[in-house]
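Reminder that position 12 of the sequence shown reads as 12 in UniProt numbering, one-by-one numbering, no gaps.
Working notes for the structure below.
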Amino acid sequence: MMDENHGLSWLRPIVCIAAFIVTLQLVNGDLSYSVPEEMKRDSVVGNIARDLGLDLRTLSSRKARVHLGGTRKRYCDINLSTGDLIISERIDRENLCGKKPSCVVNVDLVLENPLELHRINLHIQDVNDNSPQFNENLIEMEISESAEKGNRFSMEEAHDADIGQNAVQRYNLQKNDNFILAVDDIKVELVLENKLDREKQKEINLLLTALDGGSPQRSGTVVIHVTVLDANDNAPVFSQAVYKASLPENSPPDTVVIHVSATDADEGVNGDVTYQFGHVSDDDKLFSIDKKTGQIRVIGNMDFEMQNSFELRVMAKDGLGLSSYAKVYIDLTDVNDNAPVIYLKSLTNPIPENVSPGSEVGIINVQDRDSGTNRQVHCSIQQNVPFELVPSIKNYYSLVTTEQLDRELVSDYNITITATDEGSPPLSSSKTVHLSVADINDNPPVFEEQSYSAYVSENNKPGSTLCSVTAGDPDWRQNGTVIYSLLPGEVNGAPVSSYLSVNGDTGVIHAVRSFDYEQLRSFKVQVMARDNGSPPLSSNVTVSVFISDVNDNSPQILYPAPEGNSFMTELVPKAAHGGSLVSKVIAVDADSGQNAWLSYHIVKSSDPGLFTIGVHSGEIRTQRDISESDSMKQNLIVAVKDNGQPSLSATCSMYLLISDNLAEVPELKDVSYDEKNSKLTSYLIIALVSVSTFFLTFIIIILGVRFCRRRKPRMLFDGAVAIPGAYPPPSYADVDGTETLRSAYNYDAYLTTGSRTSDFKFVTSYNDNTLPAEQTLRKSPSGFAEVFQDSLEPMEVGGFYKSTSESLIVSYFFYYTQLSGVQGDSGGRGLRTERLAVLSYSQIQRSGTFHYWCPQRGDQDAAGHF
């Protein structure tokens, strides 16, 4: 009887593997680790950093990561803080490699900048995690009682998913009186040790156990039920012990793979052969066998990339239970049925716009599960973008820039990568990579205008808006946010910030103060636009502010002086003809342009038809010849208006005395009375409104006064009368020619009283409108003595006259100039009155003397004083 514990020599291990022992090898620069299957998650396989000589900081800075080619499962990962390769997912060797004696998982360690690839080979070691299994729990056998001793009956082999020592190593058959177990390299047989006797025992139950060599040992059992029958001498016999077939992986269901055939020499039921698969496998999900014909067909979807070969065990069984076995090997041929798959392994997103051309911004890996030429892949970028794919190593590509990027032109790129294999027909796939360009502060703010001009009227309100500056920055977010400010500077010696302010956000420029055109007509400031980038960029623009004139200054009358209680008196010869120059009103206006265009008007006159004034010159002339009926005292109120909108004006009073000599001039207190008449208009309005009945009475009084005045001339001066003593400087001229005093008049003569030191000067006109000789006062040198003959005893001392007469009231001083072509006594027509002075009696009374000096002809600055 044979030993029941025979080992399977063909399953003996060639290499003994210790569980959970990791072995490190370095082959051709690659790393190899032996890893037991079913390791727990986070278990350490090995330290990659140490084994490759990499610094831990390098792993982080170069974005180290692992990639498993050909599978989407992530069986392992790298711990960047320690450099350890750790298990991240359950590894089942049986699912990965099946019955292959060697199971290797290739892992790529990828480093960036620059792209570097290290191949790590994980040798998956089998662990005894599967028990032997039989196809069925019960095996039915029918053996004839006539079977001879030593007959062999083939048995189904047990199947163990493990390999090597962990696979099925031996079988044990429960002790019995009739059968023993015979095991060789290719089959397991039940051997009849003693003849059967149906009359003694019709049925026999045997227990067959299959054991592996793992630790701990695993086993599987099956019950063999033997029915003793009458004679059945022959078992089925296959035409060949091994069948081989090949078919494309894309073979459709119901495709015939191969036809197996077995014959039985018996006749009748004993010779009827049926077929079935002989061991436990997933192959029965892909293939089926016809029980009658032995034809094997495809019933499932095959995938060369998942499993490229199959081993089937087919059993042929006759009608009485005798059986035999054959093996069928099926090889799949690859078909280009898998398109390339593009994996984005790394991407710098966003990418700075100032990255230099040729910089690596991404890593692309392409996998094709097909084999041979069907697996050869090439990648390309179809669009016109500043990127290209540079082949690296082992189906890796670097995505690099080809030219300088500019976010202001293109801020985002959608890069379509196309991978095409070399199969027939070729298959391709595409992947779109979205890449954003990060902004760099490379653009300074740019003003919309090269310069700005602001126009503002003077007397503006502080805080009023002058203009707005706008600068654009094409950069993004903070780099494109513009802030406005005034550059430091001075305007008229004051900080520019005391004149203007600018809104930092909007660029609106406001006036800080009220401007005065007469003080400042224009100025320039620098406005800076700065962005918020790092470092910030800026640009400047010049803003010119022009102040326009506003009619805010009334005309200023220089002559005669309009202010004070003093007054000015001019003498008009009785012989003056129409058009004779009497006097001139001189006024200026601090404004400019049409606001300083002055016009002169007589708004009130004692005798409206006697005098006229030049609208633009201000010269007062007679309209007609002076007549005896004209009043000696003439009062004029002159208004000077500018041409602004609205127009501003100033008024002055002019007192004219029509007389040929001072003796005829009434007392000056009546002139003071005329000063009150300067406000006659307002008094008349009040009087007309209040008491209209007094109008007639007032006229009668006026007529009476005029009548008395003609009969009894009054003296020109009264001690209580004051004559103005302040006058403008000898000359006045505008700096830029925009003011109103065009001609160079020199009035350095005026009449004053009321001061102990009062003196007099003469009015000298350099205007061409000076009275002609025929219109001047006719006086001879002897006329002066005639005027004072009753009250004055002149006494010449060194060219001066002295008198102590207290009855002297008025003195006339004439400066005679003999005109060319006039000889002798010609009635005084050749003489011209150049200077005139009036002195009050009170001053003479205080001093007791008076002096005069007649300068000789040709003197340029004649003057006299008391």
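Built from N, CA and C at the ideal position, the CB exists for glycine as well.
Sequence-distant residues of the same chain with beta carbon closer than 7 Å to residue i, five excluded per side
| i | result |
| --- | --- |
| Val640 | Pro555, Ile557, Val585, Ala587, Leu598, Tyr600, Ser649 and Ala650 |
| His378 | Thr420 |
| Glu388 | Ile381, Val400 and Thr402 |
| residue 867 | Nothing about residue 867 can be reported from this structure: the residues present for the chain run from 1 to 866 only. |
| Ala726 | At Ala726, the pLDDT of 37 sits below 50, so the modelled position is not reliable and the matter cannot be decided from this model. |
Secondary structure of residue i, DSSP reduced to three states
| i | result |
| --- | --- |
| Lys285 | helix |
| Asn479 | helix |
| Val189 | According to the sequence shown, residue 189 is Glu rather than Val. Here Glu189 sits in strand by DSSP. |
| Asp421 | strand |
| Gly408 | One point to set straight first is that residue 408 is Glu, not Gly, in the sequence displayed. Correct three-state label for Glu408: coil. |
| Thr770 | Residue placement at Thr770 is poorly supported in this model, since its pLDDT is 37, which falls under 50; the coordinates still yield a value, given next. Correct three-state label for Thr770: coil. |
| Ser497 | helix |
| Ile381 | strand |
| Phe707 | helix |
| Asp331 | strand |
| Phe153 | strand |
| Cys97 | helix |
| Asn130 | coil |
| Thr348 | coil |
| Asn172 | strand |
| Gly278 | coil |
| Asp531 | strand |
| Asn460 | coil |
| Leu696 | helix |
| Asn270 | helix |
| Gly164 | helix |
| Ser323 | strand |
| Ser554 | coil |
| Asn374 | helix |
Burial state of residue i, where buried means 16 or more other Cβ atoms lie within 10 Å
| i | result |
| --- | --- |
| Pro462 | exposed |
| Thr432 | exposed |
| Gly737 | Residue placement at Gly737 is flagged as unreliable, the pLDDT there being 37, under the threshold of 50; a coordinate-derived value is accordingly withheld. |
| Gln240 | exposed |
| Ser627 | exposed |
| Gln404 | exposed |
| Tyr452 | buried |
| Thr506 | exposed |
| Val531 | Per the sequence shown, residue 531 should be read as Asp rather than Val. Asp531 should be labelled buried. |
| Cys708 | exposed |
| Phe695 | exposed |
| Gln217 | exposed |
| Tyr499 | buried |
| Gly372 | exposed |
| Val242 | exposed |
| Arg93 | buried |
| Gln594 | exposed |
| Phe589 | Reading off the sequence, residue 589 comes out as Asp, not Phe. Classification for Asp589: buried. |
| Asn137 | exposed |
Same chain, Cβ closer than 6 Å to residue i, neighbours up to 5 away in sequence not counted
| i | result |
| --- | --- |
| Val550 | Ser457, Glu458 and Asn459 |
| Lys175 | none |
| Asp552 | Asn459 |
is_contact[residue i, chain B] using C-beta, thresh 8 Å
| i | result |
| --- | --- |
| Asn79 | Among the chains in the structure shown there is no chain B, since it carries only a single protein chain. |
Any non-hydrogen atom of the ligand PLP within 7 Å of residue i CB
| i | result |
| --- | --- |
| Leu96 | What this structure holds is no ligand at all, so the ligand PLP is not there to describe. |
8 Å Cβ shell around residue i - same chain, five flanking residues per side excluded
| i | result |
| --- | --- |
| His259 | Thr293, Gly294, Gln295 and Ile296 |
| Gly423 | Asn336, Asp370, Thr373 and Asn374 |
task: Flag this pair as touching only if the region 436-444 and the region 400-415 have three or more C-beta atom pairs under 8 Å; answer yes or no.
output: yes
- prompt: Any chance the region 611-625 sits against the region 526-541, with 3 or more Cβ pairs inside 8 Å?
  reply: no
task: State whether the region 188-205 contacts the region 116-132, with contact taken as three or more CB pairs (one from each stretch) at a distance under 8 Å.
output: no
- prompt: Hey, is the region 342-362 in contact with the region 270-279, meaning 3+ C-beta pairs nearer than 8 Å?
  reply: no
message: Measuring CB atoms only, is the region 245-252 touching the region 328-344, in the sense that at least three cross pairs come out at less than 8 Å?
response: yes
message: Does the contact criterion of 3 or more C-beta pairs under 8 Å hold for the region 145-159 versus the region 322-329?
response: yes
message: For the structure I just gave you, are there three or more beta carbon pairs, one from the region 466-475 and one from the region 514-526, closer than 8 Å?
response: no
field: Ordered list of beta strand (DSSP E) runs contained in the UniProt domain "Cadherin" (572-668), each at least 3 residues
entry: 581-584, 586-588, 599-605, 611-613, 619-622, 633-641 and 649-658
query: If you pair each beta-carbon of the region 362-373 with each one of the region 311-322, do three or more pairs fall below 8 Å?
result: no
- prompt: Would the region 79-87 and the region 38-51 be scored as touching if the rule is three or more Cβ pairs under 8 Å?
  reply: yes
message: I'd like to know if the region 440-450 and the region 422-432 are in contact, where contact means that at least 3 CB-CB pairs between them fall below 8 Å.
response: no
task: Could you tell me whether the region 213-227 touches the region 161-172, where touching means 3 or more Cβ pairs closer than 8 Å?
output: yes
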